[in-house]
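Residue numbers (the numbering used here), protein chains in the order written: chain C, 762 to 1177; chain D, 194 to 937. Every residue, glycine too, gets a C-beta built ideally from N, C-alpha and C. Given the structure is predicted, the values throughout are model-derived calculations rather than measurements. Structure first, then comments.
Right, dumping it as structure tokens:
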């Protein structure tokens, strides 16, 4: 008899959708998530394109569905080490890193108040600091603090242990390994932002005020490093003249051969963040093709294009260099004009793309395609890939795909 | 159930430091038992409650501690009625510690919680008899067949209805398709293999196929549909997948591109037929000669507000595919004129491979028209945009076959346009409506629902007739529970996407069948066992509930008395808010319960002390308030929050209840409404706003300023602004002065 249990690897939007949907069809579900919170990449976003609505709105409903369901077991700070067995009966080894804070945590914040150590916030891409004892973000689920083992001084300090009245902090926690039995596995490990420093002509890391699109999301978010004020990292100056460099790494055989799907829409969205905040701001978008496929997406593009202060230039950016006073100089080919142009901006956003995470699944026995994704046809029976593991897609399509994949996993459970 | 109450007050997380817990126990004394615990969510605290349940038969538990959004697992007690009173986020974390106002707030919240628990009852699931689990799939194209095979593969019985004489839909007309998976080093065109899928469907013992058949009538609700087919057979159905597909945009409207004027201007769909008929050879319609210079005009009628404002998503890749048809003849050249090449994701690799073919030329161009070049050839005319837009110069390129990449029109569009036309005509009067009905040809209906709110899934404003969800996160949401759109009637999409989409829709159909069999709600209130239970004996047949239900759950009989189809209901409580007779109640949510909670707020006689009641949508505003507390925002201590399932449940009587009791002001916090609405129940906050426009009547009757009541639209991430908005409202009310009813 097959286990009526589905393992979801990755608790981002795809994994979360798959988990909630499967649980609501009567399956037991295990989510393995490497971050200390669920929601994945989208928790770092300020708003979704094209609707300009906050991601936590939908996540809140998903969390509520999990809470009301009771059939979903969540492992945070965890990764799958090994999958053995076959369709209907898999043995999965899950390794959990120490959080140093257990479920007794009430979210009272006393540990953070007591903690003397700081760490760079990975959630904010290093643009802010948190204490070593911290809440990943203010709408985090589960609402449970975490201690960064690298930044924490351990038992020699232990001020947090003293401050916690709930016996929630144990600085001697160790990594743990558990083995679970499941009937089907859904891989939903998603994507990472492509490392912008790899494109040496685009100045990331060397030229001040060149940031990535994911950093821009954090800057625009009310819970980001600037509490939603769009200002330059170098000097806090308001950003009134901004450029977006599309296909920063994507559609480029030297970097990512694929199109990352979301970057055109993301830049249009971010252009509107700037335009809403600063009525006099100017935006320039350097692009190869503007890709806004679909029903609402193209309408969104049309709407932004109508804004006189947003201009589009077809042409690949050749160089990004430092200009005086923290400004940024962009040199690009102008395909329409048949020449080169050079312009200076307050800040430049690189529309970096999706680095798929298929490579990280090697241990779990998942083979990767030449271009770094997972080919569903090559997966063993009972293991399914979803979302951006298969091809770059946006959130809406991830939701669709995750629901479709649950169908397949339910079929496999019912058949065995 | 005879209720045995106990109040549990938690002192942790700053609660005991912020308020006088002993004073709070004064409120708790209103019920038989109360207990105070240092850390109620600790294993010891939870055990205390469990022991009381076991030993003393406590079955009604009031927990005054943190927000109900946290510690859900700890505070779940099956078999007991649990009421969570949020004195942590709403009082301890947002108010000045140990003031009289803070103590009063905590006291009021606990009193309100006690009142709610006294008026509520545990709900039993409402499982309707004679449920069926067969899934109806409407449409036998690739999406419909995939949905049918998916559901059948999970052991479900399926009825598949196809209007044509054969299954396969549009794919039948295709010569070749794009391969799926990695495109590198693969043939760029492969057989569709549609006949394999067709025979798989036709031989599947779980699937009953009806060809040359349509749906004449769909009555009932999830688990209990009676579907009448055009052959007069009636089938019992549990849930429906609508995969009725699309039609090509009418190219006759594209005469500026030569269609209908020149024989050798064809659509991309016609090119498939030509290729299929001639075994891959592209022979010109005018003279049957092989086409050697084929021009593809992208976005023909698309991304164009005069035709289709949207992008059909699949046409760029389709033209790239068709360029490979052209190139099967080594002497032939394919020229693709585009606005943007849209091959998102890994389809980009397909584009790259197609580009590598020396006989495929791709150019960004603004095509302005197609003219006759004689001998059956055409000139494709375009602005010269390649080198300098400023010249205004036109370029003409000769082609012997022109292919228009036209887009998709969903089959749901015509019924929606008919319905919109009818609504508009009805707005002009009975005569205009009658004329419309007589003169306008009826569209091809897909489902023919016997619902009071109309025969089809209402499509959204701005969705161009696609049966799409308005939610980024919840792609299968429609406004008709148990009916899920799949494939290109859902959104513009390609074949591979339609198959994924169909699997998802089939899954949602299985899920709804599972939920109704347990008597619980589906998303977004999945597992809710409560349901609206109207006291119909008092119904005045005003039809407000039947009109306002966002999901069309309520029909009505000839006398106008509503019939609540519980399996269509999402439990938002909009009907409860709509009802002027206040007869719609849930076990734990009713006009009386909320009204009694508002009346339980203590209104001091002191004219300097104000009380503001605030109704809060639990989906977005409530989490925003919790987050405001987490980030340390302060909220005026005169405010009392009352959680709502959706602001659509707001009943005007509460305004009178509260203000006539002396509450100085009332604030309603709901989701953003309008075109890009965020309400999880579609129209809740908007309906509340409509009702709210009548609030001034109530206030006038009470001789109060209309500014004492206000509705605000709040997104979940506006927690940073929300406290200030609330505090400013309180200041505004204070300027009006105390409510004169206060000391009456």
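Where the alpha helix (DSSP H) through residue i begins and ends
i                       : result
residue 905 of chain C  : That residue, residue 905 of chain C, is in no alpha helix (DSSP H); it is neither H nor E in DSSP.
residue 720 of chain D  : Unbroken run through residue 720 of chain D: none, as it is neither H nor E.
residue 689 of chain D  : 688-711
residue 567 of chain D  : Premise fails: residue 567 of chain D lies in the beta strand (DSSP E), 559-567, not in any alpha helix (DSSP H).
residue 826 of chain C  : 816-830
residue 630 of chain D  : 623-632
residue 1007 of chain C : It is not in any alpha helix (DSSP H) - residue 1007 of chain C instead sits in the beta strand (DSSP E) that spans 1002-1009.
Same chain, Cβ closer than 7 Å to residue i, neighbours up to 5 away in sequence not counted
i                       : result
residue 819 of chain D  : 260, 262, 282
residue 999 of chain C  : 992, 1039
residue 1168 of chain C : none
residue 309 of chain D  : 276, 786, 790
residue 985 of chain C  : 885, 979
residue 1094 of chain C : 1076, 1077, 1079, 1101
residue 1058 of chain C : 811, 1026
residue 1170 of chain C : 767, 783, 945, 947, 1145
residue 977 of chain C  : 1031, 1110
Residue i versus the options, residue with shortest Cα-Cα distance
i                       : options                    : result
residue 1235 of chain C : C/1071, C/947, C/819       : One cannot answer for residue 1235 of chain C here, as it falls past the ends of chain C, which runs 762 to 1177.
residue 558 of chain D  : D/543, D/532, D/544        : D/532
residue 626 of chain D  : D/775, D/425, D/613, D/539 : D/613
residue 782 of chain C  : D/696, D/915, D/704        : D/704
residue 674 of chain D  : D/656, D/642, D/665, D/695 : D/642
residue 393 of chain D  : D/474, D/341, D/437        : D/341
residue 872 of chain D  : D/424, D/666, D/314        : D/666
residue 918 of chain D  : D/292, D/928, D/904        : D/904
residue 305 of chain D  : D/509, D/221, D/934, D/852 : D/221
residue 841 of chain D  : D/834, D/881, D/854        : D/881
residue 826 of chain C  : C/787, C/843, C/850        : C/787
Residues near residue i in its chain [Cβ-Cβ closer than 8 Å; skip 5 each side]
i                       : result
residue 954 of chain D  : Chain D is shown only over 194 to 937; residue 954 of chain D falls outside these bounds and no answer can be derived.
residue 1046 of chain C : 1004, 1005, 1007, 1028, 1029, 1032, 1071, 1072, 1073, 1074
residue 1248 of chain C : What the structure shows of chain C is the stretch from 762 to 1177, and residue 1248 of chain C is not part of that stretch, so it cannot be assessed.
Span of the beta strand (DSSP E), counted from its first residue to its last, around residue i
i                       : result
residue 1112 of chain C : 1108-1113
residue 515 of chain D  : That residue, residue 515 of chain D, is in no beta strand (DSSP E); its alpha helix (DSSP H) goes 508-519.
residue 755 of chain D  : 755-757
residue 226 of chain D  : 226-230
residue 488 of chain D  : 486-490
residue 799 of chain C  : First-last for residue 799 of chain C: undefined, no H or E at that position.
6 Å CB neighbourhood of residue i in its chain, flanking five on each side removed
i                       : result
residue 590 of chain D  : 573
residue 197 of chain D  : 250, 251, 252
residue 567 of chain D  : none
residue 830 of chain D  : 288, 294, 295, 298
residue 668 of chain D  : 662
residue 858 of chain C  : 838, 936
residue 1136 of chain C : 1130
residue 1103 of chain C : 1092
Inset, instruction - Tell me, please, whether the region 945-953 of chain C touches the region 1109-1127 of chain C by the rule of three or more beta-carbon pairs shorter than 8 Å. - result: Touching, per the Cβ criterion.
Inset, instruction - Quick one: which unbroken beta strand (DSSP E) runs of 3-plus residues sit fully inside the region 835-916 of chain D? Chain order, please. - result: Entirely contained in the region 835-916 of chain D, the beta strand (DSSP E) runs reaching 3 residues are, in chain order, 858-863, 902-906.
Inset, instruction - Note down, one range per segment and in chain order, each alpha helix (DSSP H) of at least 4 residues found wholly within the region 1056-1112 of chain C. - result: Listed in chain order, the alpha helix (DSSP H) runs fully inside the region 1056-1112 of chain C are 1058-1066, counting runs of at least 4 residues.
Inset, instruction - Starting from the N-terminal side, write out each stretch of the alpha helix (DSSP H) that is 4 residues or longer and does not extend beyond the region 365-441 of chain D. - result: Secondary structure in the region 365-441 of chain D: the alpha helix (DSSP H) runs of 4 residues or longer, each lying completely within the stretch, are 387-396 in chain order.
Legend entry - Segment contact, 8 Å Cβ cut-off, at least three pairs: the region 956-969 of chain C with the region 808-818 of chain C: The answer is no - the region 808-818 of chain C does not touch the region 956-969 of chain C, with fewer than three Cβ pairs under 8 Å.
Legend entry - Length-filtered (3 minimum) beta strand (DSSP E) runs lying within the region 252-296 of chain D: Counting only runs of 3 or more, we get 253-258, 274-279.
Inset, instruction - Report yes or no: do three or more beta-carbon pairs, one from the region 793-802 of chain C and one from the region 769-781 of chain C, lie closer than 8 Å? - result: Under the Cβ criterion (8 Å, minimum of three pairs), the region 793-802 of chain C counts as touching the region 769-781 of chain C.
Legend entry - Cβ pair count under 8 Å reaching 3, the region 1148-1156 of chain C against the region 224-234 of chain D: Segment contact: the region 1148-1156 of chain C against the region 224-234 of chain D, fewer than three CB-CB distances shorter than 8 Å; contact not assigned.
Legend entry - Validate contact between the region 387-403 of chain D and the region 630-648 of chain D using beta carbons, cut 8 Å, 3 pairs: Result no; under three Cβ-Cβ pairs closer than 8 Å.
Inset, instruction - State whether the region 1009-1021 of chain C contacts the region 530-550 of chain D, with contact taken as three or more CB pairs (one from each stretch) at a distance under 8 Å. - result: Yes, since at least three Cβ pairs between the region 1009-1021 of chain C and the region 530-550 of chain D fall closer than 8 Å, the two stretches touch.
Legend entry - Segment contact flag, the region 597-609 of chain D with the region 451-467 of chain D, C-beta cutoff 8 Å, min 3 pairs: Taking 8 Å as the limit for Cβ pairs, the verdict is that the region 451-467 of chain D does touch the region 597-609 of chain D.
Inset, instruction - Decide if the region 896-913 of chain D is in contact with the region 859-871 of chain D; the criterion is three or more beta carbon pairs, one per stretch, under 8 Å apart. - result: Output reads yes: the region 859-871 of chain D touches the region 896-913 of chain D.
Legend entry - the region 439-457 of chain D in contact with the region 342-359 of chain D per 3-pair CB rule at 8 Å: Verdict: no, contact absent.
Inset, instruction - For the region 414-431 of chain D and the region 363-374 of chain D, state whether three or more C-beta atom pairs, one from each stretch, are separated by less than 8 Å. - result: Touching, no.
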